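Asks:
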Amino acid sequence: MHSHTVFLETPYEELVQQTLSFVESELSARVILYNDEVHTFDEVIIQIMKATGCTLERAEILTLEVHRTGKAMVFSGGFTECLRVSGVLEEIGLMTQIET
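Numbering (this note's numbering), first residue to last: -14 to 85.
Now the structure itself:
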């Protein structure tokens, strides 16, 4: 039997950064969409569907909630996915915020 010493090839700082990136991507987060007076209902509905993959009915409900209350949570999931969803919503100038 031979004993072998195993050395990590990844420097400590890089390993820490990789771990933090993984943890960050798995954190639960939410995308909040804010109301504006610029976009039509149809524009918002289409963009919510494009960003989240939800149904037309769900997008209509969310759009009405944004209109009535000034904001709505339109998506929840990992932080990285929330960044993607927020980016798609902002493509047409919608205002969003990611909450963790």
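We treat Cβ as the ideally placed atom computed from N, Cα and C, and that holds for glycine. Please read all numbers here as calculations on a predicted model, not as lab measurements.
#1: Use the C-beta contact count for GLN32: other C-beta atoms within 10 angstroms, 16 or more gives buried, fewer gives exposed.
#2: If you draw a straight line from the alpha carbon of ILE69 to that of GLU45, how long is it in whole angstroms?
#3: For a test of the three-state rule: what should DSSP assign to LEU49, helix, strand or coil?
#4: Helix, strand or coil: which one does DSSP assign to THR4?
#5: Return the chain-ordered ranges of every alpha helix (DSSP H) run that is complete within the region 14 to 50 and spans a minimum of 4 residues.
Replies: On the basis of the coordinates in this document:
#1: buried
#2: The amino acid at residue 69 is misidentified as Ile; the sequence shows Arg. In a straight line, the C-alpha of ARG69 is about 21 Å away from that of GLU45.
#3: helix
#4: Three-state DSSP puts THR4 in a helix.
#5: 26 to 37
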